[in-house]
Amino acid sequence: MEYHPVFGLIHSVGVCCTCDSYVLHIADVKKSSDASFNAALNELQHVTFTPFFEGIEEGKRRVTNPSSPSQLESFDLGLREGQRREEVVVMLLARERDLALRTAAELRLKLMEVQKLLKESGVVIEDSSIPLTLTRNIVDTPKIFQPLSATTIARAASPPSQPRLTVSPPQEDEERIRKTLLNLMNKAHAGDMDALHRVKSLCREAHATPTDRKTFAQKVLLSEWRVPPEVRSANVASGRRPAPRPDDGPGLVNPRLEDPIDVWFNYYCNYKSSLPRGVPQDAHGRPLRSYLSASRTFARLRPVADTPSPQRMEFISSMIQLFCTTGGYALTIRKERLRINHERRFRPFVPRLEVAITPDEVARHFASCGVQIVEARDELEPWAREYERAGRVSE
Numbered sequence: 076m077e078y079h080p081v082f083g084l085i086h087s088v089g090v091c092c093t094c095d096s097y098v099l100h101i102a103d104v105k106k107s108s109d110a111s112f113n114a115a116l117n118e119l120q121h122v123t124f125t126p127f128f129e130g131i132e133e134g135k136r137r138v139t140n141p142s143s144p145s146q147l148e149s150f151d152l153g154l155r156e157g158q159r160r161e162e163v164v165v166m167l168l169a170r171e172r173d174l175a176l177r178t179a180a181e182l183r184l185k186l187m188e189v190q191k192l193l194k195e196s197g198v199v200i201e202d203s204s205i206p207l208t209l210t211r212n213i214v215d216t217p218k219i220f221q222p223l224s225a226t227t228i229a230r231a232a233s234p235p236s237q238p239r240l241t242v243s244p245p246q247e248d249e250e251r252i253r254k255t256l257l258n259l260m261n262k263a264h265a266g267d268m269d270a271l272h273r274v275k276s277l278c279r280e281a282h283a284t285p286t287d288r289k290t291f292a293q294k295v296l297l298s299e300w301r302v303p304p305e306v307r308s309a310n311v312a313s314g315r316r317p318a319p320r321p322d323d324g325p326g327l328v329n330p331r332l333e334d335p336i337d338v339w340f341n342y343y344c345n346y347k348s349s350l351p352r353g354v355p356q357d358a359h360g361r362p363l364r365s366y367l368s369a370s371r372t373f374a375r376l377r378p379v380a381d382t383p384s385p386q387r388m389e390f391i392s393s394m395i396q397l398f399c400t401t402g403g404y405a406l407t408i409r410k411e412r413l414r415i416n417h418e419r420r421f422r423p424f425v426p427r428l429e430v431a432i433t434p435d436e437v438a439r440h441f442a443s444c445g446v447q448i449v450e451a452r453d454e455l456e457p458w459a460r461e462y463e464r465a466g467r468v469s470e
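When we follow the working numbering, the leftmost residue of the sequence shown carries the number 76, and every step to the right adds one.
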């Protein structure tokens, strides 16, 4: 077989009688003046040879002008895309760097607070190998992004020659702070006057700190500290009152968790900076009673402070979701066929193992504690919306 530009695929001459007859027939017709045959032959030549010659012309053009506009545009587009990707990588690394710097600053403040509390409580620090200047050096580092070289990456991947600084998880730090403060308060209750004066000084500082800026230690102090009975009795017998506060008014004894709303109202009228989130004030700067009542209900029904933080946050989120929905508590009571306790038996929420804390779980807890539908409608729902709004403003 062979290929002929006019006849196509045919056998060699003398091999196939059919192909020989076809070639002779085409040759005879070509000698004639048949217009249709000539048109068909021209079309065959156009289809066969035109792409070949066009390819030759395109090759010549590219040789004389190698950088055509289309090629330059595609090259610039690829270059811009590469630059954009590099900018995105730099931006992400800068965010990670800023997050690390903020974390370092928070750890430094927490370490300083722990050291201060340990010093005031008289606890001797045996291991002083963790300098507080470490995080300060990290924070003071200029915020300049530099690409990592291969040498730097290899050095970072190699085993360290010196022991690394290990920072305890926040939960362990909070537990250590809590134990230190409880130890100090126990000393004050046992008659240690130095410890008593230290606790009072820390409480005054905590009262003067706005609610959104209170540290974990200050929150523990305000929730756990109670004036010793003998000190309270001595003040009553002698007719003395706590020392007045020039900024917030007269000093008051920290209310207990189960104290009535009037006690908390008087307390927050004097210590406005300690007003909890979600409780607005009237024109005279006093807390609105209905919102304060809902806030105290939440404080008594939420998980205790020792509950892991993720579960506490999950409870708060589900509770806000439940009461921010108009009539959500009543709808859940009917949907789940829950029975509301006629007696108010407030107790903290205890998470169950492997059970998600959903709005239905929160409604079940509130119903078992005796929270009525009217109370939820008139107090808890407005308070939950204000609580959520205040959270958005603070962000």
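Virtual Cβ for every residue (Gly too), placed ideally from N, Cα, C.
Computed from a prediction, not measured in an experiment: that's the story for all the values here.
*What are the uninterrupted segments assigned as alpha helix (DSSP H) that are 4 or more residues long and contained completely in the segment 345-411, given in chain order?*
Within the segment 345-411, the runs of alpha helix (DSSP H) at least 4 residues long that lie entirely inside it are, in chain order, 364-376, 384-399 and 403-411.
_Alpha carbon of Met-260 to alpha carbon of Thr-400, nearest angstrom_ = Taking the sequence shown and counting its residues from 1, one reaches residue 260 at position 185. Taking the sequence shown and counting its residues from 1, one reaches residue 400 at position 325. If you draw a straight line from the Cα of Met-260 to the Cα of Thr-400, it is about 42 angstroms long.
*What residue range is occupied by the uninterrupted alpha helix (DSSP H) comprising Ile-101?*
Taking the first residue of the sequence shown as 1, we reach residue 101 at position 26. Following the DSSP letters along the chain, one finds Ile-101 inside the alpha helix (DSSP H) bounded by residues 92-106.
*Does DSSP put Glu-129 in a helix, a strand or coil?*
To locate residue 129, count along the sequence shown from 1; it is residue 54. Collapsing the DSSP output to three states places Glu-129 in a helix.
*Name the one or two DSSP bridge partners that Leu-256 has.*
The residue you call residue 256 lines up with position 181 of the sequence shown. Paired residues: none, contrary to the question.
*Among all the DSSP beta bridges, which residues are the ones paired with Ile-448?*
As a position in the sequence shown, residue 448 is number 373, starting the count at 1. Bridge partners of Ile-448: none, in fact.
*Report back the beta-carbon spacing between Ile-336 and Arg-364 to the nearest angstrom; my notes put them in contact at under 8 angstroms.*
Within the sequence shown, the letter at position 261 stands for residue 336. Within the sequence shown, the letter at position 289 stands for residue 364. Confirmed, about 7 angstroms.
*Using the C-alpha atoms, what's the distance from Asp-267 back to Arg-279?*
Here residue 279 corresponds to residue number 204 of the sequence shown, with the count starting at 1. Here residue 267 corresponds to residue number 192 of the sequence shown, with the count starting at 1. In this structure, the alpha-carbon of Arg-279 lies about 19 angstroms from that of Asp-267.
*What are the start and end residues of the alpha helix (DSSP H) that includes Leu-271?*
For the purposes of this step, residue 271 is taken as the residue at position 196 of the sequence shown. Following the DSSP letters along the chain, one finds Leu-271 inside the alpha helix (DSSP H) bounded by residues 268-283.
*asked:* So if DSSP puts Glu-429 in a beta bridge, which residue, or which two residues, is it bridged to?
replied: For this step, residue 429 is matched to residue 354 along the sequence shown. DSSP output for Glu-429 lists no bridge partner at all.
*With respect to the beta strand (DSSP E) encompassing Leu-84, which residues constitute its N-terminal and C-terminal limits?*
Residue numbering aside, residue 84 sits at position 9 when the sequence shown is read from its first letter. Start and end: 83-85.
*Confirm, please, whether the CB-CB distance from Thr-433 to Ser-393 is below 7 angstroms.*
Within the sequence shown, residue 393 is the residue found at index 318, counting from 1. Within the sequence shown, residue 433 is the residue found at index 358, counting from 1. It is a contact, given that the beta carbons lie within the stated cut-off.
*Quick one: residues in its chain with C-beta nearer than 7 angstroms to the C-beta of Pro-351, no 5 flanking neighbours on either side, listed in chain order?*
One-based indexing of the sequence shown puts residue 351 at position 276. Closer than 7 angstroms at the Cβ level, and outside the excluded window around Pro-351, lie Thr-286 and Ser-370.
*Please name the residue or residues paired with His-79 in a DSSP beta bridge.*
The residue you call residue 79 lines up with position 4 of the sequence shown. In DSSP, His-79 forms a bridge with Gly-83.
_Quick check: the Cα distance between His-440 and Leu-271, rounded to an integer number of angstroms?_
On the sequence shown, position 365 is the one that residue 440 refers to. On the sequence shown, position 196 is the one that residue 271 refers to. When rounded, the distance between both Cα atoms is 38 angstroms.
_Same chain, Cβ closer than 8 angstroms to Ile-395, neighbours up to 5 away in sequence not counted_ = Sequence index remark: in the sequence shown, residue 395 carries index 320 (1-based). These residues qualify, in order along the chain: Ala-459, Tyr-462 and Glu-463.
*Using three-state DSSP, classify Asn-341 as helix, strand or coil.*
The residue labelled residue 341 in the question sits at position 266 within the sequence shown. DSSP places Asn-341 in helix when its eight states are reduced to three.
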